[in-house]
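Scroll down for the structure; my scribbles are underneath it.
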Amino acid sequence: MRIIKDLRILLFAFALQICVVGVAQTTLSGLDPSKFSAFIDGKQTALYTLKNVKGEEACITNYGARLVSLMEPNWNGRMEDVVLGYDNVWDYHTKGQNFGATVGRYIGRIIGPKITIDGTTYNLQENGKGVVSHGGKPGFADRVWDVVNVGPQSLTLRYVSPDGENGFPGELTTTLTYILRDDGALSIDFIATTNKPTVVNLANHSFFNISGNPERSVETQSLWVDSKEIAEYDKNKNVTGSFLNVKHTPFDFRKPRQIGERIDDDNEQLKITGGYDHAFSLFHAGDINRPAAILYDAQSGRALTVYTTEPALQVYTGNGLKGNQVGKKGIKYKRRCAICLETLHFADSPNKPHFPSTLLRPGQTYHTRTVYVFSTDPPLIMKAK
101 MRIIKDLRIL LFAFALQICV VGVAQTTLSG LDPSKFSAFI DGKQTALYTL KNVKGEEACI
161 TNYGARLVSL MEPNWNGRME DVVLGYDNVW DYHTKGQNFG ATVGRYIGRI IGPKITIDGT
221 TYNLQENGKG VVSHGGKPGF ADRVWDVVNV GPQSLTLRYV SPDGENGFPG ELTTTLTYIL
281 RDDGALSIDF IATTNKPTVV NLANHSFFNI SGNPERSVET QSLWVDSKEI AEYDKNKNVT
341 GSFLNVKHTP FDFRKPRQIG ERIDDDNEQL KITGGYDHAF SLFHAGDINR PAAILYDAQS
401 GRALTVYTTE PALQVYTGNG LKGNQVGKKG IKYKRRCAIC LETLHFADSP NKPHFPSTLL
461 RPGQTYHTRT VYVFSTDPPL IMKAK
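This is how it looks when you write it as structure tokens:
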């Protein structure tokens, strides 16, 4: 009997420990945490669940520091998942999609691929097209991050990128904190330091469908962006260093309009990317108190307002999704079933001195914050004609 009693105590203690560290037993989104428990590259992966006082929920895995699900209410209070993703860690590991991922050390492309810092040139990982994209492979999205701290509404993760990883100089220590606030907002903070001069451009790569139904296209949703110009691409989708004014173009979202209204216009930039996949230069760059973008879905009543300290917003309308990615609940993710609103610096900034700098030196601290605020009371600007 004593052995049985001791065993019960041990099992209780183990269950309590799981609850304390934030590994959920059940999730509102229907995810099974056991499908995220694995060893990848010799490190433990898991699913962590954050909940606020309203019952809203965010599920995050430390594999790639990814946002896996985000449950937000519609106009009548029904909770629905508003981000794309997989229901198990192995699909994230093997299928190579950036759903919800933390992308680094440098999101976007660097041409050459090389950078020069203080007279020293560093050759970066070549992808066969004369660029390094999203920091190379494996990137931050492919790493198992260490869990630093877990609370009921927050999760802090850390990844130490070694000096020379994919050609980038300096050991870079990155700390990421997710906070699910009581007002329905998800806050994402990056802090990074280095022991050598390097470049840093980190971002979350969530695919949103705020209708709560990823089988619906986002083309009927309305978008407003605080921007009057975009970074121009050449025919190979590399930034030229020039900016294009959005006035009288399909990229003019200074007044809200449906995403699909002009997405297939006869426009050179749209032809290069097959839809929207461009960095919008924010008019109020770096001002966390001013909205960078607002997305609205009339059917669900949900509005998503983006605030950021970053100078640019990459708007990507899921043009590359082809229905061959099977996500949560067995849903096939079809073309334009999601939109990414990635806050970042511009691609190839290290080689474009007139772009905002991405240089980080020893003794300096890189800190960027983005807040995704959800509501069912859209700002007045979305009602403007």
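Every number in the numbering used here is 100 more than the matching position in the sequence shown, counting from 1. Each residue gets a CB set at the ideal place from its N, CA and C atoms; glycine is no exception.
A379 is bridged by DSSP to Q414. Between the stretch 215-222 and the stretch 236-248 there are fewer than three C-beta pairs closer than 8 Å, too few to call the two in contact. Beta-carbon to beta-carbon, D242 and G164 are separated by about 6 Å, close enough to satisfy the 8 Å threshold.
Cβ contact annotation for F383 (same chain, cutoff 7 Å, sequence separation greater than five): D326, S327, K328, in chain order. For I207, there is no enclosing beta strand (DSSP E), as DSSP marks it with neither H nor E. By the CB criterion at 8 Å, C440 and F307 fall inside the cutoff.
In this model, G267 and L302 are separated by some 17 Å (Cα to Cα). Rounded to the nearest angstrom, the gap between the Cα atoms of S449 and A412 is 12 Å. Taking a contact to require three or more Cβ pairs closer than 8 Å, the stretch 363-378 and the stretch 190-199 do not qualify as touching.
The C-beta distance from R402 to T476 rounds to 6 Å, short enough to fall under 8 Å. W324: member of the beta strand (DSSP E) spanning 322-325, first to last residue. It is roughly 11 Å from the alpha-carbon of I330 to the alpha-carbon of Y376.
Straight-line spacing of the CA atoms in G341 and F455 works out to 8 Å. For the options S400, V406, H378, A398, the alpha carbon positioned closest to that of P391 is the one of V406. For the pair of segments examined, the stretch 433-447 was found not to touch the stretch 258-278: the number of CB pairs separated by less than 8 Å stays below three. The three-state reading of DSSP puts I372 in helix, counting H, G and I together. Here L404 is near I310, since their CB atoms are less than 8 Å apart. Remark: fewer than three beta-carbon pairs, one from each stretch, lie closer than 8 Å, so the stretch 220-231 and the stretch 463-477 are not flagged as touching. Shortest Cα-Cα distance from P478 to any of L272, A393, I279 involves A393. Spatial neighbours of I279 in its own chain (CB-CB distance under 7 Å, excluding positions within 5 residues in sequence) are listed in chain order as Q253, S254, S287. Secondary structure of D191 (DSSP, three-state): helix. Minimum Cα-Cα distance from V232 among the listed residues P213, V168, Y222, E442 corresponds to P213.
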